[in-house]
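Contents: one structure, followed by commentary.
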Amino acid sequence: MSAPYSSQQPLISSTKQEDNHHHVKRKHFLVKFTKWFLKFAMCLIFIVWVTFLFLLPSESVSQLSEKYVDDTSESVFWITGSIFLYGGPIFIIAFLGIIYLRISEEEDFQEKKKQKRASFRLWTFPVIVDGPFGVVTAAELIVILIVVVYLIWAVTYYAIQNYNLIPYYESQGKRNVMLKHTGLRFGSIGLICLVFMFLPVARGSMLLRIIDIPFEHATRYHVWLGHLTMTLFTLHGLCYFYSWILEGRVLTQLINWKTNSIANLPGVISLSAGLLMWVTSLPPVRRLNFELFFYTHQLYVVFIVFMSMHVGDKFFSVIVAGLFLYMLDRFLRFCQSRKTVEILSAKCLPSGTVELIISKPQDLQYNALSWVFVQVRELSWLQWHPFSVSSSPLDGKHHLSILVKVLGNWTQKLKRHVLSVTDEHTDLDGLVQPKFKFKASVEGPYGHESAYHLLYENLVLVAGGIGISPFIAILSDILHRIEESKPCMPTNLLIIWAVRRSEELPLLHSLDLNSLFADFQTKLNLEIQTYVTQESEPPVEEGEVQKYISSSGLYSRSRSGISRLVGTGNIMWAGAYIMVSTLGLVLSQTLLKVFYINPYDVSHQWYKGLLLLICMAASVIIFGGFVIGLWYLWDRKTSKSEYYDDQKNIVAIQQNDANATEHKNKSEESYVSTIKYGQRPDMKEIFGKMCERCGNADIGVIVCGPTSLRTCVAKECRAKNLGRKSNEPIFHFNSHSFDL
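Those letters in the sequence shown? Residues 561 to 1300, by this note's numbering.
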């Protein structure tokens, strides 16, 4: 009887495996369908919303919106109806985005099937490379053209409306009527631009993560919108100012603070703060004195507070959605930055670079193209500096590293601080004592939601100077993925690195790649071309490179890791923070309407505008703060269980340092590495050889370095793509910029 029973076992096991396989396939299909549906819904809502804003200058749409705002403003929800009309779609997209990111979070990077033919992508095709906007892709150009069309359409339509109003205000003078109404229209268009201006600078925003735009790219859009918005508001103010000159009532109008209509004095104060921010943010001023730009930019608080009083609650409600999401992000960053993080390791490298290794929680996710902002309070209480992560997320579960090039005053102070801490806590035997403390505050990590460097079979990394930092992370990430058999598309990797002097070479050339993965050359064709531009010959013997050693180093065992509050932390907590705060905003407005505005018959527009802003701030602090408090408790409970892994973590870091200092003979290298002195990379020649080698394929190009280098690479990518033949590759331009 036992033989027949045993013969049935494989059939039963096979049936279970098939059922499990079908279950996994069905689950995968449901996940893909849900993601597609959410993405479609978010795109549709956004298109409808933008179309509404685009058509808002027209008389029919304007009248409908005004009627809706008037009807809803009398309800117990006060101005919520107006906020929903102008900003509701933004909140809905954010809520849907929480679900979308939560589903995506469960999926690891999936290797795509190799395409038979190369294909163009609007967001990686550089079209303009030398204009005032810098390098502009086809997708960005389309958006710029849409904005230009909107401006032309809105200004033209408003001008026709203003001209038709002249007969009704003939007694006030034709010029005065045109000036005042033109100024009003410029202000209205400026408000629409202000709707979008705060969205790009919300660094950990769900919206940026949904569309996979990292904050360093989004900052450019904030700059563009800032210039446009301040131009419109300046024209708005000049039109009214000139009309007051014609009336001979300049001083009277400047200090006028009307209660039941537009208050002039708050508008003058708001515009003055905006102009000061605008002037100090212009490139010449910003390059000469970045700190002046940084400190004056904090006047945005004055700008917003007095604008709320100038325009009143109804008009201010137009920009509430974008501003509220920015306030949520800013408060979250403030809470994260209050926590100090102990540096696990700090080293001064012979290349004039400081390496910091920072403790992080195990479940804090980031990718190889992420950024962090760092503040060291011993150096400055106000200055925050951005640095790209130089370690792969697969290098270790409990730490990440950054490289800091010693260039300016702050970085010089950092180097001296590391040396002083090391000297102070080193005994006579040269061992670092365990009681030292080197703390920093950290915001982030931020960056691309997806690891796009893994999407190309052929990858070219072009770096200038310290721009090699993120590419060290990319190289490590690819090698780890190959070794661990994780999805990884790159099989051909070319690194082009331009440095001024040979003392920088140890950053990359002394890395022992074979220690990461001994047989990586069987699956990855790696070539490194280095150009030393300001030296005609090597200062050391031919073929030798300085060892990658630290002139000083320190190590710490720490309970204190980076907070999970922003960046790519827990989606559910971040989603709860946004949703609870938004519901709190609706609730606080309702309570204010029922218990204060109605009983006391509050009607002053400037006062109601200020009350609306106070409601927003209170909702963020009270309701959002409640979620953050619970988040902290959960974070503390989780971090306690991770503390016992720290000792192993430190041992691993020290072991890696020991491996890195071992001399490596060039004959042992299993990849092509060349160093050329007195030359700059000839991108035309390099890309020409790539065309011959790769054929009809997609080539991902990532640039990190000065503006001139990005422009040069973008220009060559555009030239190759426009002059492309059917059997040649397409170059996809991506920029990892330090210009924030």
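For each residue, glycine too, the CB sits at the ideal point set by N, CA and C.
query	result
Residues bridged to residue 691 (per DSSP)	694
Reduced DSSP secondary structure (H/G/I, E/B, other) of residue 820	coil
C-alpha gap between residue 854 and residue 844, whole angstroms	14 Å
Cβ pair count under 8 Å reaching 3, the segment 767–779 against the segment 708–726	no
Proximity winner among 1005, 919, 837 and 920, relative to residue 929 (alpha-carbon distances)	1005
Enclosing beta strand (DSSP E) for residue 959 [first to last residue]	959–965
Per-residue burial, residue 1252 [other beta carbons within 10 Å of its own, 16 or more giving buried]	exposed
Check whether residue 871 and residue 903 have beta carbons under 8 Å apart	no
The segment 947–959 in contact with the segment 1024–1038 per 3-pair CB rule at 8 Å	yes
Exposure of residue 745, with buried meaning 16 or more beta-carbon neighbours within 10 Å	buried
Buried or exposed by the 16-neighbour rule on C-beta atoms within 10 Å, applied to residue 753	buried
Burial state of residue 734 (16 or more Cβ within 10 Å)	exposed
Contact with chain D by residue 1166, beta-carbon distance below 8 Å	Absent from the structure: chain D. Only one protein chain is present.
Reference residue 925, options 695, 1123, 1061 and 607, closest by Cα	1123
Those residues which DSSP pairs with residue 1085 across a bridge	1052
C-alpha distance - residue 1063 paired with residue 1024, whole-angstrom precision	14 Å
Counted within 10 angstroms of its Cβ, other Cβ atoms place residue 1029 as buried (16 or more) or exposed	buried
C-beta contact flag for residue 891 and residue 1184 at 8 Å	yes
Counted within 10 angstroms of its Cβ, other Cβ atoms place residue 617 as buried (16 or more) or exposed	buried
Inter-residue spacing [alpha-carbon to alpha-carbon] between residue 1060 and residue 827	50 Å
Own chain partners of residue 594 with C-beta closer than 7 Å, once the 5 adjacent residues on each side are dropped	663
Neighbourhood of residue 1135 by C-beta, 6 Å cutoff - its chain only, sequence neighbours within 5 removed	658
Collapsed DSSP secondary structure at residue 826 in the structure displayed	helix
Nearest residue (CA-CA) to residue 698, options 686, 589 and 707	686
For residue 678, the three-state DSSP class (helix, strand or coil)	coil
CB contact flag (residue 1234, residue 1090, <8 Å)	yes
The segment 1051–1060 / the segment 1188–1198 touching (three or more Cβ pairs under 8 Å)	no
Residue 814 to residue 715 span [Cα, whole Å]	26 Å
Where the beta strand (DSSP E) containing residue 900 begins and where it ends	900–909
Range of the contiguous alpha helix (DSSP H) that encloses residue 1274	1267–1282
For residue 736, the first and last residue of its enclosing alpha helix (DSSP H)	734–757
Start-to-end residues for the alpha helix (DSSP H) that takes in residue 1182	Where residue 1182 is concerned, there is no enclosing alpha helix (DSSP H), given that its DSSP letter is neither H nor E.
Residues bridged to residue 1258 [DSSP beta-bridge criterion]	1290
Where residue 1132 falls, given that 16 or more other Cβ within 10 Å makes a residue buried	exposed
Separation of residue 1254 from residue 879, as counted between CA atoms	49 Å
Residue(s) in a DSSP beta bridge with residue 607	Residue 607 pairs with nothing; no bridge assigned.
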